[in-house]
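To convert a position in the first sequence, counted from 1, into this note's numbering, add 135. These notes are about the structure you will find just below.
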Amino acid sequence: MFALLDMNSFYASCEQVFRPDLVGRPVVVLSNGDACVVARSAEAKELGIKMGQPWFQIRHLAPEKSLVAFSSNYALYADLSARIMQIIRDSAPRLEVYSIDEAFMDLAGVADPAGLSQEIRQRVREWVGVPACVGLGLTKTRAKISNFIAKKNPQHGGVFNLEALSPEAQRAWLSRVGVGEVWGVGPRLTQQLESMGVRTAADLQASDPESIRKYFSITLARTVEELQGISRLELEEVAPAKQQIMVSRSFGPLLRLEDLQSAIASFTVAGAERLRAQNSVAHALLVFARTSFFREDVPQYSGSKMIPLVTPTQDTRQLIAAAYQGLDALYRPGFRYQKAGVLLTDLSAAGIEQTDLFSRGDTEQARRLMAAVDGMNRKMGRGTVFIGAQRLGEPRRWKMRAERKSKAYTTNWKELAITT
DNA sequence: TCTGGGGTCCTAGGACCC
DNA sequence: TCTGGGGTCCTAGGACCC
């Protein structure tokens with residue numbers, strides 16, 4: 136038996152933990168750069184605010200409907216998430232941290248899975264202050280559906296178990312869930328399935344996996360089997376190493392190469408840190424930059440360049456050199472660049488890399504230097520030691536707006552919450 | 001004026017080989 | 001009317017997720 140615990144409006148709930156005066160009020164959290172809505176409290180959803188909606192379209196609701204908006208504070212959300220995962224880990228036999236606000240548990244052998252789920256849910260609520268719902272099912276996909284039902288039907292107390300019902304009752308519930316709500320069915324597939332008369336989770340469950348595989352894909356066929364109660368997706372207790380690492384941002388338009396270089400250097404530094412944290416080396420690096428798709432009145436351009444790394448590396452300096460080479464190749468003057476990024480790809484474990492006949496991997500000296508830089512930045516704060524290239528151009532030109540950020544209540548002594 | 005970021009997996013199609 | 005056949009490898013792009 137699988138259980139899926141999913142936090143409600145997670146980022147917005149995190150903000151409300153330290154601002155109890157905002158509980159029961161419309162609250163949204165904005166994406167990087169204060170651009171779009173990425174989390175909404177129940178009251179904000181009631182105002183009709185959509186996921187991903189641009190802030191400028193709804194900012195008038197702040198004075199009109201007492202809407203409160205926060206810039207995203209990932210340090211806070213990540214810290215609360217880690218505390219919640221630890222609470223679950225202490226109670227459930229096996230755990231998969233699926234995302235910052237979701238965890239799958241394997242409750243095989245647990246006598247009363249729904250009871251244990253309710254206990255964990257309440258512990259998270261009391262100890263951290265964030266509300267959550269739990270769905271139970273024979274497969275991950277069914278647990279997801281149970282979770283969806285638990286969220287939509289509060290009368291069940293935040294926990295729902297599809298498997299505890301009779302087959303008829305299960306069908307009844309599944310026929311009330313739109314096919315687009317099924318895990319793995321996005322807008323495109325929803326449209327195609329609906330045109331074939333498959334409109335609900337019950338309809339999809341009743342499909343033949345073999346024909347689904349033929350007309351769609353192996354992925355959707357697996358989903359059908361999962362709906363039927365045949366487990367095709369396992370619990371992944373250990374997160375596998377990333378296969379690629381992407382760092383990208385949108386910014387106010389940049390025209391000059393130096394400003395793009397400064398941004399690209401900083402993205403590369405951030406990516407290289409993540410690369411070393413999982414002890415991988417990159418065999419290739421992709422740089423891209425583009426203008427805004429929304430500005431049809433100015434010339435559009437989108438360029439990308441893949442740079443193979445003859446010597447796979449995790450050394451920031453080598454990665455920046457490659458990134459600059461790529462940027463030089465794709466840069467065209469005269470455009471208003473609005474987004475750029477760096478993708479570290481073709482990753483493998485450090486230490487076992489295939490090296491070129493005439494070159495070795497990173498030198499021992501380079502590794503020690505990077506380890507020292509990472510150590511200082513961890514201890515003294517991000518950006519304590521940096522690469523000169525990050526300060527080329529004017530950083531102000533691409534630094535993102537974050538005008539509504541809450542404090543680092545749980546990760547910085549100077550920003551502790553104070554009650555009066 | 002202002003429209004997110006970071007991932008995974010699968011498939012189709014091109015290049016290349018014999 | 002007819003234009004080989006079968007295989008591998010790689011990449012780009014689509015679809016999905018949170």
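Yeah, the Cβ is synthetic: ideal placement off N, Cα and C, and Gly gets one too.
Query: Report all residues from its chain with a CB closer than 6 angstroms to the CB of S366; omit the five preceding and five following residues, and keep chain order.; Result: T274
Query: Could you check if W262 is buried or exposed, using at least 16 other CB atoms within 10 Å of its CB as the buried criterion?; Result: exposed
Query: With DSSP as the reference, identify every bridge partner of F205, one or two as the case may be.; Result: V164
Query: Can you tell me whether P161 is buried or exposed, with buried defined as 16 or more other CB within 10 angstroms of its CB?; Result: buried
Query: For V203 and G496, what's the separation of their Cα atoms in angstroms?; Result: 51 angstroms
Query: Would you decide whether S346 is buried or exposed? Buried here means 16 or more other CB atoms lie within 10 Å of its CB.; Result: exposed
Query: With DSSP collapsed to three states, give me the class of M505.; Result: helix
Query: Mind checking which residues open and close the alpha helix (DSSP H) that includes V269?; Result: It is not in any alpha helix (DSSP H) - V269 instead sits in the beta strand (DSSP E) that spans 267-272.
Query: Excluding the 5 residues flanking K286 on each side, which residues of the same chain have their C-beta closer than 8 angstroms to its C-beta?; Result: D141, N143, C268
Query: Output needed for T276: all residues of its chain with C-beta closer than 8 angstroms, excluding positions within five of it in sequence on either side, in chain order.; Result: V317, W318, G319, T358, E361, L362, L368
Query: When the distance is taken between beta carbons, is N414 closer than 7 angstroms to A485?; Result: yes
Query: Express the C-alpha separation of M535 and Y466 in angstroms, rounding to a whole number.; Result: 22 angstroms
Query: Please determine, among Q188, E237, L215, G250, the residue with the shortest C-alpha to C-alpha distance to F283.; Result: E237
Query: So what does DSSP say about G364, is it helix, strand or coil?; Result: coil
Query: To the nearest angstrom, report how far apart S437 and G364 are at their CA atoms.; Result: 45 angstroms
Query: Could you check what DSSP says for H195 in three-state terms: helix, strand or coil?; Result: coil
Query: Contact between the segment 400-410 and the segment 471-486: three or more CB pairs below 8 angstroms?; Result: yes
Query: Between the alpha carbons of A356 and D343, how many angstroms are there, rounded?; Result: 8 angstroms
Query: Per DSSP, V382 is paired with what?; Result: V477
Query: Nearest CA to the CA of A177: which residue from V163, D509, Y350?; Result: V163
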